[in-house]
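Notes follow once the structure below has been shown.
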Amino acid sequence: MALLDRSEWYGLARETNWTPRYVAENELFPADLSDPYGLPMKAWEAFDEPYKVSYREYVKVQREKDANAYSVKAALSRSKFYDSADEGYLSLLKLHYGAVSLTEYQACQAQGRMSRFSKAPGMRNTSTFGMMDEMRHTQLQLFFPHELVTRDRQFDWAHEATHTKNWAVLGGRHCMDDIMMTRDAITTSIMLSFAFETGLTNLQMVGLAADSEAIGDFTFSNMITSIQSDEARHAQLGTPSIEILIKNGKKAEAQKALDISFWRVWRLFAILTGIPMDYYIPLEKRHMSFKEFMHEWVIKQFVRQLNDIGLEKPWYWDMFLDDIENHHHCQQGGIWSWRPTVWWNPPGAVGPKEREWLEKKYPGWNDSYGRYWDVIIGNLLDGHEEKTHPNCIPVICNMCQIPVSNRPGPKWKARVYQLDYKEKRYNFCTPVCKWIFEQEPERYKDFETIVDRMYSGVIDPPTLPNVLTYMGIGVVSNGGRDGYDYSWINGYRKQAAE
Amino acid sequence: MADTDDLSKPLKTFSHLAKQKRRPSEYEIVSTNLIWSTADPKAPWAMSPDMPLSQWYIRHRNQSPLRHDDWNAFRDPDQMVYRTYNMLQDGQESYVDGLLDDHSRNEHDKGLSRHWLDALRQLYTPGRYLVHTVQMSSAYLVQLAHASTVENCAMFQSADQLRWVQRIAYRTKELSKNHPSLGFGTTERRSWEDDAAWQGFRELMEKTLTAYDWGEQLAALNLVAKPAIDEAYFRQLGHAARRNGDTLLGLLNDAALIDSERSRRWTKGLIDFVLKKDGNKAVLDGWVKKWAPLGDKAIDDFCAALPESPEAAGEARTAAREWRKTLGF
Amino acid sequence: MAMLDRSEWYDLARSTNWSPRYVGESELFPEALADPYRLPEAAWAAYDEPYKVAYREYVQVQREKDAGVYSVKAALGRSKFYDQAGPEWMGILKLHYGAIPLTEYAACALQGQNARFGRAGSMRNMATFGMLDEMRHSQLQLYFPHELLSRDRQFDWAHEAHHTKNWLIIGGRHCFDDVMMTRDAVTNSIMTSLIFETAFTNLQMVGLAADAENVGDFTFANLITSVQSDEARHAQLGMPLVDMMTRHGKKAEAQRAVDISFWRLWRVFAVLTGIPMDYYIPLEKRHMSFKEFMHEWVIKQFDRQLTDLSLERPWYWQHFLDDIEVHHHIQQGGVWSYRPTMWWNPVAGVGPEERAWLDQKYPGWNASFGHYWDTIIDSLLAGREDLTQQKVFPPICNVCQIPIANRPGPPWKARAHQLDFEGRRYHFCTPVCQWIFECEPERYKRHESLVDMLVFGRFNPPTPDTVLKYMGIGVVSEGGRDSNGYQWIETYRGRHGHGPKGHVSPLADCALTPKGNKRLWVLSRFQGDGHVKTVEIDLDFSMDEFARYCAQFSIGHHAKDQPGKTLRVRRTTAKDDAAPFPREMRFGACEPRQMDSFDVYFADLSDRDREP
Amino acid sequence: MAFQKVCSKDDVWEGEMKAFTVDGTDIVVVHAPGGELRAIQSICPHQEVELADGTLEGAVLTCRMHLWQFDVLTGKGVNPDHAELALYPIKIEGDDIYVDVVGIEPKFSHA
Amino acid sequence: MAGKRDDERKNSVGPVLRAGEMADAVMQALEEDNPGKEFVVQDHVAYLRIETEGECIVRRETIERALGRPFKMPELEVNLTSFSGRIETTEDHMRFYLEKRL
């Protein structure tokens, strides 16, 4: 055996810290981009990424992964799957590609920041691979939906979404800009690699794969699980950062970074993953409920890991558990009602059988969310489709950018948490979003929600057509309509007839 | 007549490419117009424009004197996508594996002279620090690129450097195993920080890394520092290696220069692209003038220490300059 | 420096002929392996393969193809497709994998022969790629079924089939040994590259791919189309040779090579591809009928290809067109009836809807083949599954090795064409197979079909068990059974014409068995039956007994009574006009010889006294 | 006038090809990179495979099934080079593409 | 709610793999490399979750035996979509573990 083992030379390849002479250390590693926690260079040299790969291995393995993903696409593109795919499922795909493809590309820059500004040589090398990974994810997730634009213009959002100011996009950008685009290398490694990539991307990239397989979309399930196999590696950047911070007396700071980012990402993924899982996937193909999935992946797998590296569950844990029961159900109602403002066709999809399933998975659903849908169903049965559009403007949270809502029904849970700061009033959906704002009001104060923009004159005049155009609706593609053209109420029509 | 703005008509490609009215390549589909943080020059991010990172982008990217009104029009002459990059480099790495394996079987290291081993310890193995700085600097270009087509090139460039950081580390370890008493694997940092041969490159790279204006970093790195490193550290050191019976290093450095060729192709493409806009020539001239002496000095310092290579510095300086000349400087 | 174009150096790479000095030309290129037609040196120098590829291009393209095929397998390996695939589809896969992979591997040796004995440098080069291609095909088609082994042992036939003496394998080997393993480089290029790989592999590899996609087996569809994409290159070997032969006065020889191989391959592929297409693919997934496919891919193309090559249609063209309507339907009946001898579970595929489709695609199907299946359905409805399995062997064609049969029904089409040669009697399904034999009897005369072996007493003891074991059944895996456990007959229950109890002829219950030592193998040709049967007869039988004895094996394995009529026996003649034997006459009294053919038919009772 | 309007240039972009039927004749309109337009026979001269399902790289069209290649500008076979595609006269008026199929039969190739 | 609280306190570790040949080999190797350990396998079609208590290791050479061909540890990444617990990677093994026991 003539070649050396990786372990023999790997350490040397990350002994690359040196003491700058011609420029000052804080010039080479400005605190804002590098390490605001003020740990010495030496402390970061202990950084040991648990998942190791060499460049030689990387290009080989990644080449194989791509050969696999692209070949499967090529082979199956002749199958007629998308011709006859369920409209709810197509909505899931549109939502996915619109939300994910270019966000992955932004992550290249975030990885680039870690690669340039981290004081930990191990992190600099590992995020070079991370950067490449994110490029891969972007390219896959542009190339795959590209062929779908010939069928349906709403797939154009795969490329266009983040270039628009659609309210859903603003929500995603606010979150991602916060956790990965405007933080130093260390905080980014906690927020992006640990909270986001270790904690929550599994929901979308692995969870949905099971449903996709059931539905027969092997191309998609193969692609997203292949993507996730990259995450499993580079997401490991976060844990050593946290361990080093804890070891150097910065546990509170690490905890705060986690608490902020976990909540932010949760609020987003519940929409991105929760709604499709519990509403868009046809009932007979559903693998498990979003809640069960959260248990498997987040509560069991992620939190246990969190614990093992020495952090605590976020302070708002009980609120989080409660939110798992509510958030995405509320937003399903909201998105469906405001369907003309989104780029996919959200199915109402709460027929009698679906409701039974929802009630079983989320006890109490019928008495709360069910009542909300009862009114809608009643209107549809009476032929008053127009009454199923709210024709008013919701209050949008100044943190997560999502309409403020909570479980309907007798308990009056929906409530706005308000804060006045520098003569401006801010609205929040939950105490947690409010708490995040309060940690760093200067960071968040200037951003206007889509609704703020209607009042502040950014969208002028704030008429519905103007707002839609501003959001890219009618520009990139038409807005959404009910995914099943209301056929899901047929079950109720039959019940009424009987 | 089909109209891409007519929403009732299906698209043949993403709307932003539909205007070309030709079938887009895979490269175009997956690489173009992916950045949206340039849309509002005053607020790159949803976070407050006053935030340090927002300010950073505004100052160092948006307000760079190197300007173009349509950065997205740039195209990589190699039209490299991630998929093809890995195919290419997997092949290249198989070749390097083969080199290492063969030479190791032939006990190549045992045959090296003490004289040359000293040179390797002084001038080759500390190079991982140097190449790593290029990796970092390229990553900076990634972070602040105006257009995805530029950003991707920088990403491949950064990954290429990591490739050589690891191959140098590999060789360092191999040399230390075959010659345990010579300090391979332990003295590199000291050489990089203290040896006169390295101080030119160290100064060049420390300053390049902190030239935070995006355009200036591009000029300093890709027009001056990288060519200097290619010519001195890879090419001239490779020549010297061959003269000293170290065929392995000669071949390894040739392989590294293949990556550099690719980097030069897109650099030339990008420079040609920006020079079509008024004002950029002067800006770049200024930077080249400012950085070239540091590059020359780095070459001189390094080549001076190269054994039996009196002509090395001259050749390297000329080669770097000649290349810049082909770009118009 | 820029790279040269392929065209700049390509000719040099194929200018590799030289004049031998230390050995004779005919030693270096023995005629029997190289060129018995003695085409002139100049002709060989001009050999120009139309499809060119450089080694550098070859490895790159093939690597990509393999990446595609293996990736899809890996990705879809997770799907539950094979868990849910119907028995029909699994039957197709077993048939395919049993028949194909090792045949592909044998083709490596064929390509090797061409790479060594081809008289043109370029032919040798192309065959080198051909050799690699065939290796690819055998490896892919061994690796893919391998994972199916854990589900079903019958997939072991993918590797084992060719090591057994299963009768279908004997048939396949006889054909391929003839067209590709025992010919000189010129002839085998015409027979294999031009005829087999251009005309016939598409049937299986392209035709089934469309059905595979419909059924949802993307792995298989992707596999076989990828395999077929290789044929472009090496299938090109034969074409320049035909040109050369016609130009150098060897047109008749080229024509004969075409005529022989086309027929031989047709007979095999109709079974391999025709049966699955028209019977195994679930009705709603059928892409087109086998006949339509034959028209598109073979008749249209082959015909104009021949014209282009200045060759004629084979002299048996009309036979061939007839055979397209019949051959695979009759073999479907045979394969299903002999299901215990197969390595997959044959599909009947003749529910009422399927029959409507068949009759539409093949007008007259119901009146002929339908009749055959009716008696089977009746037996099954009557709970007499035992009557639906063949108990005797059919005579087997000494060329194609396929049971001798033809369209059942009123015109007595099924008939054995016989030839006595050097003291042995040979049987052929058609005049074409007989013609092939007569072209070169020395080539074929020693081969014994399975039935020959039985008749010649090669099995000891000659029990069904011994024969099955000889064929690998019960050794490699269990033999076949009806693919869905006869569920398909349920739709017939209670229908008109198929009473719930069914109607089984008392003739079928005839318990006659040959006794004593005065026994003889003869051919029974039963009126309306599509299959000719071999029966071992007791010379002491009366003609009535002989008729009853034969009835139990005939028309779906039992003949219905026809009230007012009785069974008569006569010799088979060319015009089917021999007079019947007296009913009480001892069979031995007509002085039958081994394997003579006799007709058994229904006649009015009033005919009883007509004597020969 | 045997020329018939088939489609507009926008239906078949540079780098694309598309199948049409003109007067009962199946054709493929190919828009080669560089802007040249051609109308070619729809079926591969080799065997019954739709050329429109193949791939177009530069002016070289590769059939999906057996990888035969043709230069769409001249109709000549690239590999194998004995094969040839029938070309139909084509003319462009404004954005409209006209093709004349009269009297031209698809070609086929032996082997 | 009791169930949820319990979930957070389990010590489950192990790989999450795309189902297929590789997953089968890993499963077989895990059994061999961790004698006495009980593995729970959940088949979610698109992925297999393999879990055991506290710690487990899977070795390259064991996978090689299970696959019947040479294997390099990084190849596992092609099918390793996630894992529970923490990870340690070398060229000869992959280890999934938790430091604390709850």
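Chains as they are written, first to last, in the working numbering: chain A, 100 to 597; chain B, 501 to 829; chain C, 13 to 624; chain D, 18 to 128; chain E, 24 to 125. Every residue, glycine too, gets a C-beta built ideally from N, C-alpha and C.
Residue(s) in a DSSP beta bridge with residue i
i	result
isoleucine 57/D	Val45/D and Leu104/D
asparagine 96/D	Gln86/D
lysine 521/A	None, per the DSSP bridge assignment.
threonine 112/E	Met117/E
cysteine 207/A	Cysteine 207/A is not bridged to any residue.
6 Å CB neighbourhood of residue i in its chain, flanking five on each side removed
i	result
methionine 289/C	Phe302
threonine 202/A	Met275
glycine 261/C	none
cysteine 653/B	Asp576 and Trp766
Option in the options with minimal Cα separation from residue i
i	options	result
leucine 107/C	Tyr117/C, Gly89/C and Leu180/C	Leu180/C
glycine 750/B	Asn586/B, Lys777/B and Tyr624/B	Tyr624/B
phenylalanine 449/C	Asp588/C, Glu548/C, Pro575/C and Asp271/C	Asp271/C
asparagine 301/A	Ser214/A, Lys399/A and Glu352/A	Lys399/A
glutamate 528/B	Lys542/B, Thr513/B, Pro541/B and Ser537/B	Thr513/B
serine 504/A	Arg580/A, Gly447/A, Glu424/A and Lys521/A	Glu424/A
threonine 91/D	Gly75/D, His83/D and Met82/D	Gly75/D
arginine 245/C	Gln74/C, Pro443/C, Asp47/C and Arg605/C	Gln74/C
Neighbourhood of residue i by C-beta distance below 8 Å, restricted to the same chain and skipping five residues each side
i	result
alanine 812/B	Ala732, Gln736, His739, Ala740, Cys803 and Leu806
Under the three-state DSSP convention, the category residue i falls into
i	result
glycine 528/C	coil
arginine 437/C	strand
proline 502/A	strand
histidine 67/E	coil
valine 23/D	strand
arginine 743/B	helix
phenylalanine 610/C	strand
asparagine 526/A	strand
glycine 37/E	strand
glycine 511/C	Low local confidence applies: a pLDDT of 49 at glycine 511/C is under 50, so the model's placement there is unreliable, and no value is given.
aspartate 316/A	coil
isoleucine 380/A	coil
cysteine 79/E	strand
valine 280/C	helix
tyrosine 136/A	coil
Close-in-space but distant-in-sequence residues of the same chain around residue i (CB under 7 Å, 5 per side omitted)
i	result
phenylalanine 88/A	What the structure shows of chain A is the stretch from 100 to 597, and residue 88/A is not part of that stretch, so it cannot be assessed.
Anticipated Cβ contact below 8 Å, residue i with residue j, distance rounded
i	j	result
glycine 197/A	histidine 333/A	No, glycine 197/A and histidine 333/A are not in contact; Cβ-Cβ is about 24 Å, not under 8 Å.
glycine 89/C	glutamate 159/C	7 Å
threonine 258/C	serine 349/C	That belief does not hold up - the Cβ atoms of threonine 258/C and serine 349/C are roughly 45 Å apart, past 8 Å.
alanine 221/C	serine 170/A	That pair is no contact at about 16 Å.
threonine 708/B	alanine 720/B	4 Å
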